[in-house]
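The sequence shown runs 227 to 379 under our numbering. Glycine included, each C-beta is placed from N, C-alpha and C at the ideal position.
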Amino acid sequence: MADIHIEEFYKDAAIALVQLYGAFPRRVNLFVEDIAGPDEPDEFGLHSKRHMACFGTLLWLAEEGFLRYVDTIRQEALDQAVLTQEAFIRLSSPAPDALVQELSHPDDLAVEPLPPSLREDISSHIHLVRTALKSRHSLRIGHAVRATLFASK
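Here it is as structure tokens:
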């Protein structure tokens, strides 16, 4: 079993990538509270460890070339964030067939042959990430995010 902070990292990364993909190519503000949930700063104005971990995930995604942003809005959001070309291509590209079989919802893999366009859509990395998020199963989310972030180029 993975450490809880790693499971949260995968979930935060998945939500951020899905949000950015859904808005692509528009630039949007990525708010930590929309990803990790509400946070009340303490009496000193400091955010919780959970909030800061999510903010760190967003910064890490930027540092590793998955997204770009103009500025931070304190420690609450990334201003004008957008997927990089590499991230967009990776999310849009088909995942390996074995991974699609493992992570897809059973209804997606009907016995009857699917039209090529639909087959391509349900085999994309972004579809696998969305499906994993809908399942709310941390192992599936982690597997889908690892496959997406660390896919060979």
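Beta-bridge annotation (DSSP): ALA307 is paired with VAL254. In the DSSP assignment, ASP297 falls within the unbroken beta strand (DSSP E) covering 297 to 299. The alpha-carbon of VAL355 is positioned some 20 Å away from that of ARG252. A straight line joining the alpha-carbon of GLU269 with that of PHE257 spans about 21 Å. The secondary-structure analysis by DSSP pairs PRO267 with nothing; it has no beta-bridge partner. Distance from the CA of ILE232 to the CA of PHE376, rounded to the nearest whole angstrom, comes to 15 Å.
Straight-line measurement puts the Cα of PHE281 at about 13 Å from the Cα of LYS237. Residue pairing for PRO320: DSSP places it in a beta bridge opposite SER350.
Counting along the chain, no alpha helix (DSSP H) covers PHE292, and no H or E run does either. Residue state for LEU365 is assigned as helix, using DSSP reduced to three classes. In the pairwise beta carbon analysis, the stretch 242 to 251 is classified as touching the stretch 299 to 314: at least three pairs are separated by under 8 Å. For HIS231, the enclosing alpha helix (DSSP H) has its first and last residue at 230 to 249. DSSP places ALA377 outside both helix and strand once states are collapsed to three, so it counts as coil.
A straight line joining the alpha-carbon of VAL296 with that of ILE348 spans about 32 Å.
Ranked by Cα distance from ALA239, the first of LEU272, LEU285, HIS363 and PRO322 is LEU285.
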